[in-house]
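*Asks:*
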Amino acid sequence: MLAINEIKSLNSEDANDTGSCQSLVNNCPYGMYRTDCDGCFSTVNPAYARLFGFDSVEEFYEYTRSPNCQLYTDPDLRKNLYNQLQQKDQLNQIAYQIFQVNGTTQWVKEHCVTIRDKSGSIIAFEGYVEPADKQDDSTETCLLPEARFRAIFDQVQNIAVQGYDKNRQVIYWNGASTNLYGYTEEEALGKKLENLIIPNEMRDHVINAHQIWLTKNTPIPSGEMRLRNKNGDQIPVYSSHVMLLNSDQEHEMYCIDVELTEIKKIERALRIAKDHAESASMAKTAFLSAMTHELRTPLNAIIGFSEVMEQKIFGDLGHPRYQEYVSDIHNSGSHLLGIINDILDLTMIEAGELSLCKTSVCLRTTIAHTLQIAQRKAINTGISLQTNIPKDIPLIIIDERSLKQILLNLISNALKFTNDQGVVTISASYSEKNGFKIDIDDTGIGMSEAEIKLALRPFTQVDHSLERKYEGTGLGLPLSRSLTVINGGNLKLTSVKGTGTNIILHFPADMTV
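The numbering of the sequence shown is the numbering used here, which starts it at 1 and goes up by one.
#1: So what's D439 in DSSP terms, helix, strand or just coil?
#2: Distance check for G175 and V57, CA to CA, integer angstroms please.
#3: Which same chain residues end up closer than 8 Å to Y63 when comparing Cβ atoms and leaving out the 5 residues on each side of it in sequence?
#4: Below 8 Å, how does it come out for the stretch 440-451 and the stretch 413-427: are there three or more Cβ pairs, yes or no?
#5: I266 by DSSP, collapsed to three states: which one?
#6: List the whole-angstrom C-beta distance separating I263 from S240, where the pair is believed to meet the contact cut-off of C-beta under 8 Å.
#7: Tell me H251's beta-bridge partners as DSSP assigns them.
#8: Nearest-angstrom Cα distance between L505 and D345?
#9: I'd like the span of the alpha helix (DSSP H) that includes P219, first residue to last.
#10: On the CB-based measure, 16 or more other CB atoms within 10 Å of its CB, does T141 come out buried or exposed?
#11: Checking the sheet assignment: what are the DSSP bridge partners for N413?
#12: Do Y30 and F41 come within 8 Å of each other at the CB atom, strictly closer than that value?
#13: Where does I503 sit, in a helix, a strand or coil, going by DSSP?
#14: Per DSSP, what kind of secondary structure is L493 in: helix, strand or coil?
#15: Give the DSSP-derived three-state secondary structure of L475 in the structure shown.
#16: Under the rule that 16 or more other beta-carbon atoms within 10 Å means buried, what is K79, buried or exposed?
#17: Mind checking L466: buried by the 16 CB within 10 Å criterion, or exposed?
#18: Tell me whether L71 is buried or exposed, calling it buried when 16 or more other Cβ atoms sit within 10 Å of its Cβ.
#19: Please name the residue or residues paired with A273 in a DSSP beta bridge.
#20: Please report the distance separating the alpha-carbon of K8 from that of I220.
#21: Threshold first: 3 residues or longer. Then list the beta strand (DSSP E) segments lying entirely within the stretch 22-67, N to C.
#22: Going by CA-CA distance only, name the one from K358, Q405 and L356 that's closest to L371.
#23: DSSP state of V156, grouped into three classes?
#24: List in chain order: all unbroken beta strand (DSSP E) runs of 3+ residues lying wholly within the stretch 59-115.
#25: Write down the C-beta distance between T218 and I235 rounded to the nearest angstrom, noting that I regard them as a contact closer than 8 Å.
#26: Can you tell me the Cα-Cα spacing of L403 and L483, whole angstroms?
#27: Among residues of its own chain, excluding the 5 on either side of K216, which ones have a beta-carbon nearer than 7 Å to its beta-carbon?
#28: Out of E250, E451 and V206, which has the shortest C-alpha to C-alpha gap to V496?
#29: Let me know the secondary structure DSSP gives Q169 once reduced to three states.
#30: Suppose contacts are defined by Cβ-Cβ distances below 8 Å. Is R228 in contact with L193 by that definition?
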């Protein structure tokens, strides 16, 4: 039996080989056999049966019909020999271990040939087997390192190993190769390397490289490459190559491939993280550059006007100019305090350390208070501030300080980016299904999709040049979104360049009193 361990043997009467050589075969000290093209025994001599510990050929046949029959320590040995005989027609000095009926093992050496009919089709396999001394040096050299090698790599799950003869036809294909490339062992054996896993653009190069290795002993270098699977998809692998001599002194090339798909995913994730880190670094650099201007201007005012008052340049402190300076100092200090508070709040949110004090809050009252703070800007520029807040809107359970800061930031932004005589509308609504909805809409300059992404990123401004038209830290919108999220809501921003911006705050219905 060559291909499988489950032996389909013939009856002893069918196995009788009458002819002039019958006596010679029966008395030969070497085990002799003949199988059909499927590897099923048709004839064995008594010496062959004795190798496995049986006293007669009949006992050997009876054992082979048993479901517990196991003749070879390597279950795939005969299958591999069968595949090699299909290509080479003759194998010599093949050493391997067999199981004897008493459970012990025995090393043997085998010589086998392929029998073909006149048309060249395989009709049988024949061979003779003799015991091998494990200590025999000549036997050790061919002690089926191939069988050991295959037994090891057949069980390795993550390393695809393929063997190719001098014509680049597959002679070995382990299970990991099936997992990686999709071809079963039966589909791959006998096929050429370039017809299986080599992309078309690499085909000629691979053939030439293999021929150069055979003729000039110049190895194919290891490295990353993209090979093709059964579906035609290209898979990143790290491929190494080894050229060996078989027992017939013919070259065989073995390829060891490790899939890099997961590694490539990690590399891609690292590149993205690196890009994000660099982008964040650039944003902070731009932020600090802009903040230099934002911080210096009010500080210069505070220091300069304080010195004027300290030195009484205009006389005693009762002079009316001092009152003007006091107002400038107060406004500059408030501006600096606002910047510092925004930075501290955002930092605490990112660190998860911002504490909330949730209470029952009236939206209608809170929005009215916010509009009182912001209305001076609207009055000075002629912007129309419109509100639509139902009188019966229920109380919301939220951190009141956070809600005020969110509304003040968003309304101030709407006023800042709305041209004179424009309109800013604030509305609110509630339903048991959708919860609370606060809508802030303006007819300002608007933003593109790319500018929206920048505006929502901390420490980033759509226009971060020192000559920008609109002053500010660039923290208002990101801070408002972060405060909304940690209070249990979400912020949605839509905008059309040159038309206006709409911001919707949504808080779930379970936040109502």
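Each residue gets a CB set at the ideal place from its N, CA and C atoms; glycine is no exception.
*Replies:* On the basis of the supplied data:
#1: strand
#2: 36 Å
#3: F52, F54, C69 and V101
#4: yes
#5: helix
#6: About 16 Å separates the two Cβ atoms, so there is no contact after all.
#7: In DSSP, H251 forms a bridge with L245.
#8: 19 Å
#9: Careful: P219 lies outside any alpha helix (DSSP H) and carries neither H nor E.
#10: Per-residue confidence for T141 stands at a pLDDT of 39, beneath the threshold of 50, marking its modelled position as unreliable; no derived number is given.
#11: Paired residue(s): none; N413 is not in a bridge.
#12: no
#13: I503 falls in the strand class under three-state DSSP.
#14: strand
#15: Note: L475 maps to coil in three-state DSSP.
#16: Result: buried.
#17: With a pLDDT of 39 at L466, under the threshold of 50, the predicted position of this residue should be treated as unreliable, though the coordinate-derived value follows. Exposed is the call here.
#18: buried
#19: Looking at the DSSP assignment, A273 forms no beta bridge with any residue, so it has no partner.
#20: Residue placement at K8 cannot be trusted, given a pLDDT of 46 that sits under 50; the coordinates are not used to answer.
#21: 31-36 and 41-44
#22: Q405
#23: It is coil, neither helix nor strand.
#24: 90-99
#25: 26 Å between Cβ atoms; not a contact.
#26: 8 Å
#27: none
#28: E451
#29: strand
#30: no
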